[in-house]
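Participant: Pasting a structure below so you can have a look.
There are 2 protein chains.
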Amino acid sequence: MTSPSRSFPPRPVSKISQSDIAAACGVSEMTVSRVLRGQRGVSGDIAARVRNTARSLGYVPNRIAGALAGARVPLVAVIVPGMSNMVFPEVLMGLNAGLEGSDLQAVLGFGKYDTATEAQVLAELLAWRPSAVVLTGLEHDDTTRAMLARADIPVVEIMDSDGTGIDGVVGVSQHGVGVAMARAMIAAGHRNAVLLRSAQQGDRRQDSRFRGFEETLRAAGVPVLGSLSYNGASSVPKGRALAATALSHWPEVDFLYCTNDMIAAGALFALQAAGRKVPEETGLAGFSGLEFLDGITPRIATTDTRRFDIGRSAARMILSRLAGAPRGAREEITPRLDRGQTLRG
Amino acid sequence: MTSPSRSFPPRPVSKISQSDIAAACGVSEMTVSRVLRGQRGVSGDIAARVRNTARSLGYVPNRIAGALAGARVPLVAVIVPGMSNMVFPEVLMGLNAGLEGSDLQAVLGFGKYDTATEAQVLAELLAWRPSAVVLTGLEHDDTTRAMLARADIPVVEIMDSDGTGIDGVVGVSQHGVGVAMARAMIAAGHRNAVLLRSAQQGDRRQDSRFRGFEETLRAAGVPVLGSLSYNGASSVPKGRALAATALSHWPEVDFLYCTNDMIAAGALFALQAAGRKVPEETGLAGFSGLEFLDGITPRIATTDTRRFDIGRSAARMILSRLAGAPRGAREEITPRLDRGQTLRG
DNA sequence: ACATCCCATGTTATCGTTATCACACCGGCA
DNA sequence: TGCCGGTGTGATAACGATAACATGGGATGT
Chain A
1 MTSPSRSFPP RPVSKISQSD IAAACGVSEM TVSRVLRGQR GVSGDIAARV RNTARSLGYV
61 PNRIAGALAG ARVPLVAVIV PGMSNMVFPE VLMGLNAGLE GSDLQAVLGF GKYDTATEAQ
121 VLAELLAWRP SAVVLTGLEH DDTTRAMLAR ADIPVVEIMD SDGTGIDGVV GVSQHGVGVA
181 MARAMIAAGH RNAVLLRSAQ QGDRRQDSRF RGFEETLRAA GVPVLGSLSY NGASSVPKGR
241 ALAATALSHW PEVDFLYCTN DMIAAGALFA LQAAGRKVPE ETGLAGFSGL EFLDGITPRI
301 ATTDTRRFDI GRSAARMILS RLAGAPRGAR EEITPRLDRG QTLRG
Chain B
346 MTSPSRSFPP RPVSKISQSD IAAACGVSEM TVSRVLRGQR GVSGDIAARV RNTARSLGYV
406 PNRIAGALAG ARVPLVAVIV PGMSNMVFPE VLMGLNAGLE GSDLQAVLGF GKYDTATEAQ
466 VLAELLAWRP SAVVLTGLEH DDTTRAMLAR ADIPVVEIMD SDGTGIDGVV GVSQHGVGVA
526 MARAMIAAGH RNAVLLRSAQ QGDRRQDSRF RGFEETLRAA GVPVLGSLSY NGASSVPKGR
586 ALAATALSHW PEVDFLYCTN DMIAAGALFA LQAAGRKVPE ETGLAGFSGL EFLDGITPRI
646 ATTDTRRFDI GRSAARMILS RLAGAPRGAR EEITPRLDRG QTLRG
């Protein structure tokens with residue numbers, strides 16, 4: 001909206017339009033439009049002729065004109081925080097898979113873990129009058145909510161299902177993930193847990209996960225020893241360093257609950273380097289179910305949040321909303337707790 | 346183009362348009378349009394009034410109408426094969442970073458490693474009359490080329506720079522990557538190489554990489570012993586299995602050149618499991634520079650193709666083309682060969 | 001044979017914005 | 001005084017497609 005100096009060459013001209021086809025075939029534009037959209041009520045003879053002409057002329061439909069004329073805009077605005085790990089790429093693959101077969105196209109924006117940026121990006125995307133919106137998480141700007149209310153289109157919030165959404169919600173209960181892992185840990189006989197967490201501001205999902213974990217442990221009378229956090233992006237070396245610190249700080253620790261699998265992998269290496277038997281002396285668990293962990297021995301316990309399925313469900317929810325289903329659908333994706341080989345027993 | 350049953354609710358109505366703002370301010374639509382686009386030639390008084398009214402009414406511009414009326418479409422069509430590993434997410438992050446500051450927005454499509462699908466997706470995206478196109482690789486359908494020729498907009502082909510492109514090209518020489526790794530291997534004293542490769546049909550980039558590798562070894566009088574391939578997506582376990590097979594098949598092997606780091610990680614585990622000292626007895630190398638490898642010891646030799654930089658350069662190339670630079674720019678991104686700790690010496 | 005209905009096709013208006021040209025109005029200069 | 005150039009603002013016509021309605025003619029029914 002604020003480009004001071006736009007010195008761009010004129011738009012490419014001399015495009016083929018439906019009227020060119022109409023002229024070439026000796027029919028009206030309307031007939032061409034009908035054929036190209038696969039509407040019935042056009043004689044097979046003319047339809048074939050129109051299709052051939054369109055192909056031979058290299059006609060590319062102009063969605064812009066179509067959309068303005070009142071046709072639905074086959075776009076879904078998708079805002080994810082970023083793509084620095086495999087989480088959102090997988091969600092997007094699922095979304096795409098779920099959209100396959102419909103003519104809907106995802107348009108991507110990055111919210112950068114910041115609700116103000118998200119609002120800005122949303123405004124940008126809404127300018128295209130998409131048919132639906134997919135947002136990440138349940139926390140949003142007031143501006144965002146207001147825009148969505150005015151837009152009055154299906155909205156699906158993904159990833160997190162702890163709380164109430166604007167419209168549809170597809171996600172896992174992060175709180176539940178923490179609770180389940182705490183129970184698994186206790187059942188396996190571990191007692192002294194330390195959390196390795198990201199210092200990322202406002203990572204609500206991490207927060208509720210750890211809250212569920214801590215509450216459950218406290219209720220069972222085995223509160224966590226403490227937690228350490230790191231700044232910036234996750235990486236294996238960071239996990240390693242963090243775990244090493246944890247070991248020296250709380251020698252009695254016998255379980256490391258890591259905020260993701262990357263950190264957990266590093267923690268595993270640190271435990272091995274420190275000569276701690278895993279899981280006999282010290283167990284650990286991560287979060288996410290990133291594929292690359294498949295190859296590490298022992299296999300790290302984790303919670304797979306089925307990101308592909310989340311994306312696909314979101315897509316399906318959008319399709320059914322557009323087909324007339326009521327607002328406010330919720331779908332809980334049941335995370336899969338994988339005990340791996342880093343929990344005792 | 347062929348949705349048999351479209352029963353969608355009518356488009357959301359009651360939107361605020363420029364004419365509402367015009368009416369509220371007592372000026373013409375044209376004046377509103379000028380203000381909102383930041384054109385000069387409107388008195389500051391009116392401009393401020395218009396902007397305030399727009400804000401308070403919750404006006405969201407309609408790019409569709411604007412685009413149809415002749416304004417540039419601030420969209421860049423981007424087609425990547427998929428997102429099953431971190432390669433393309435990183436490219437996209439770079440692209441996004443490079444586009445930041447301009448008003449250009451990337452719209453993503455998946456080509457699925459198939460030129461026919463690519464052509465289809467391209468048609469879909471061109472229907473939105475984007476201002477530029479980014480494609481992956483240099484190999485494309487005739488349909489694709491024809492469409493691009495007609496569209497007459499900047500095109501940038503990324504990743505691969507072995508060959509001639511349609512317009513701009515940003516990438517690394519895969520052939521050069523193979524050559525460099527072969528030289529490094531020879532210099533390190535390895536002699537009996539085996540290739541671990543994906544059976545993915547038509548992966549031109551892998552092919553030229555390995556070709557460069559093989560040619561260089563042959564010229565040096567130490568041809569590769571052989572190669573093994575796997576089907577489907579890469580994973581650490583597959584690398585492990587493949588490497589195990591290689592060890593039993595060619596016991597004299599002393600170097601495994603893997604098509605990517607995931608496979609290389611698996612191969613490393615296989616070597617360790619077989620009791621082979623790395624790199625003394627057997628060295629290995631991967632390809633890509635995926636971040637998660639940072640934590641594995643020994644650090645695996647690899648070639649970092651600087652995917653983020655590729656994306657960013659592509660973005661910059663597009664911006665300069667749109668600003669008037671001539672067609673056919675080329676930018677060679679120099680890959681970074683990381684010897685890690687799995688090459689002797 | 002005549003009214004009726006349906007099917008294939010055409011006509012007209014419209015979507016919201018921007019390009020283009022036209023028009024006042026103002027100050028300066030000869 | 002009259003002409004000129006600039007500067008704000010408005011009127012009008014696209015842009016390319018689709019919705020909604022109109023039309024003509026053949027098949028159908030009685």
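From first to last, the protein sequence lines stand for chains A and B. Take the first sequence: its position 237, counting from 1, is numbered 237 in this note's numbering, and each next residue is one higher. Take the second sequence: its position 11, counting from 1, is numbered 356 in this note's numbering, and each next residue is one higher. All C-beta atoms, glycine included, are put in the ideal place defined by N, C-alpha and C.
Which one or two residues does DSSP pair with residue 105 of chain A in a beta bridge?
Facilitator: BP columns for residue 105 of chain A point to A:75.
Participant: Run through chain B and tell me which residues come within less than 7 Å of residue 124 of chain A, C-beta to C-beta.
Facilitator: What residue 124 of chain A touches in chain B: 450.
Participant: Quick one: what does DSSP say residue 481 of chain B is sitting in, helix, strand or coil?
Facilitator: Reduced to three states, the DSSP call for residue 481 of chain B is strand.
Participant: Does the Cβ of residue 249 of chain A have 16 or more other Cβ atoms within 10 Å, making it buried, or fewer, making it exposed?
Facilitator: Under this definition residue 249 of chain A is an exposed residue.
Participant: Kindly indicate which three-state DSSP category residue 255 of chain A falls into: helix, strand or coil?
Facilitator: If DSSP states are grouped into helix, strand and coil, residue 255 of chain A belongs with the strands.
Participant: Since residue 438 of chain B and residue 656 of chain B should fall inside the 8 Å C-beta cutoff, what is the C-beta to C-beta distance between them, to a whole number of angstroms?
Facilitator: Contact holds; Cβ gap of about 7 Å.
Participant: Got a sec, what are the start and stop residues for the alpha helix (DSSP H) residue 64 of chain A sits in?
Facilitator: Here the alpha helix (DSSP H) through residue 64 of chain A covers 63-68.
Participant: Mind checking whether residue 60 of chain A and residue 15 of chain A have CB atoms under 9 Å apart?
Facilitator: Result yes, Cβ atoms of residue 60 of chain A and residue 15 of chain A sit closer than 9 Å.
Participant: Residues in the same chain with beta-carbon distance under 7 Å from residue 483 of chain B, minus the five sequence neighbours each way, listed in chain order, please.
Facilitator: Closer than 7 Å at Cβ, skipping near neighbours: 502, 505, 508, 510.
Participant: Which residue wins for smallest C-alpha separation from residue 286 of chain A, given the options A:262, A:97, A:176?
Facilitator: The option with the nearest alpha carbon to residue 286 of chain A is A:262.
Participant: For chain B, check one thing: does any of its Cβ atoms lie closer than 9 Å to the Cβ of residue 92 of chain A?
Facilitator: Chain B, which has a Cβ nearer than 9 Å to the Cβ of residue 92 of chain A, makes this yes.
Participant: Under a three-way DSSP split, which group does residue 632 of chain B fall into?
Facilitator: Coil, per DSSP.
Participant: Quick one: Cα of residue 512 of chain B to Cα of residue 436 of chain B, how far?
Facilitator: In a straight line, the C-alpha of residue 512 of chain B is about 19 Å away from that of residue 436 of chain B.
Participant: What are the boundary residues of the beta strand (DSSP E) that includes residue 193 of chain A?
Facilitator: Looking at the DSSP string, the run of the beta strand (DSSP E) that includes residue 193 of chain A is 193-198.
Participant: Below 8 Å, how does it come out for the region 230-242 of chain A and the region 192-209 of chain A: are there three or more Cβ pairs, yes or no?
Facilitator: Verdict: yes, contact present.
Participant: Check the DSSP bridge columns for residue 302 of chain A and list the partner residues they point to.
Facilitator: Partner(s): A:338.
Participant: What is the DSSP secondary structure of residue 505 of chain B, counted as helix, strand or coil?
Facilitator: In the structure shown, residue 505 of chain B sits in a strand (DSSP, three-state: E or B).
Participant: Cα separation between residue 45 of chain A and residue 662 of chain B?
Facilitator: Those two C-alpha atoms are separated by around 47 Å.
Participant: Helix, strand or coil: how does DSSP classify residue 4 of chain A here?
Facilitator: Bear in mind that a pLDDT of 34 at residue 4 of chain A, under 50, signals an unreliable position, so the number given afterwards is only what the model happens to contain. Of the three classes helix, strand and coil, the one that applies to residue 4 of chain A here is coil, per DSSP.
Participant: Is there a Cβ of chain A sitting closer than 9 Å to that of residue 678 of chain B, yes or no?
Facilitator: False, the Cβ-Cβ gap to chain A never drops below 9 Å.
Participant: Less than 9 Å between the beta carbons of residue 129 of chain A and residue 67 of chain A, yes or no?
Facilitator: Yes, Cβ-Cβ distance for residue 129 of chain A and residue 67 of chain A is below 9 Å.
Participant: Quick check: the region 168-185 of chain A against the region 209-218 of chain A, are there 3 or more CB pairs under 8 Å?
Facilitator: The region 168-185 of chain A, when compared against the region 209-218 of chain A, does touch it at the 8 Å Cβ threshold.
Participant: Using a Cβ-Cβ cut-off of 7 Å (strictly less than) and excluding sequence neighbours within five positions of residue 226 of chain A, which residues of its own chain qualify?
Facilitator: Here the set comprises 194, 250.
Participant: Using 9 Å as the threshold, is the C-beta distance between residue 247 of chain A and residue 274 of chain A below it?
Facilitator: Going by C-beta atoms, residue 247 of chain A is nearer than 9 Å to residue 274 of chain A.
Participant: Looking at chain B, is there any beta carbon in it that lies within less than 9 Å of the beta carbon of residue 326 of chain A?
Facilitator: Judged by the 9 Å Cβ criterion, residue 326 of chain A is not in contact with chain B.
Participant: Listing by chain order, which chain B residues have their CB less than 7 Å from the CB of residue 127 of chain A?
Facilitator: What residue 127 of chain A touches in chain B: 405, 406, 407, 408.
Participant: Report the neighbours of residue 455 of chain B on chain A: residues whose CB is nearer than 7 Å to its CB, in chain order.
Facilitator: The answer, in chain order, is 96.
Participant: Going by C-alpha distance, which of A:155, A:69, A:76 is nearest residue 329 of chain A?
Facilitator: If we check each option's Cα against that of residue 329 of chain A, A:155 comes out closest.
Participant: As a quick exercise: from A:41, A:47, A:131, pick the residue whose alpha carbon is nearest that of residue 25 of chain A.
Facilitator: Comparing Cα-Cα distances from residue 25 of chain A to each of A:41, A:47, A:131, the minimum goes to A:47.
Participant: With H, G and I counted as helix, E and B as strand and the rest as coil, what does DSSP make of residue 226 of chain A?
Facilitator: Note: residue 226 of chain A maps to strand in three-state DSSP.
Participant: Got a sec: is the Cβ-Cβ distance from residue 675 of chain B to anything in chain A below 9 Å?
Facilitator: Not one chain A Cβ lies under 9 Å of residue 675 of chain B.
Participant: When you compare the CB of residue 300 of chain A with every CB in chain B, is at least one pair closer than 9 Å?
Facilitator: Judged by the 9 Å Cβ criterion, residue 300 of chain A is not in contact with chain B.
Participant: Can you give me the C-alpha to C-alpha distance between residue 63 of chain A and residue 73 of chain A, rounded to a whole angstrom?
Facilitator: If I take the Cα positions, the gap works out to 8 Å.
Participant: How would you list, in chain order, the residues of chain B whose beta-carbon sits under 7 Å from the beta-carbon of residue 83 of chain A?
Facilitator: Per Cβ cutoff of 7 Å: 434, 437, 438.
Participant: Starting from residue 492 of chain B, find everything on chain A with Cβ-Cβ shorter than 9 Å and list it in chain order.
Facilitator: Here the neighbours are 58, 60.
Participant: Please look up how many angstroms separate the CB atoms of residue 286 of chain B and residue 486 of chain B, rounded, as I've assumed it's under 8 Å.
Facilitator: In the structure as shown, chain B begins at 346 and stops at 690. Residue 286 of chain B is therefore absent and cannot be evaluated.
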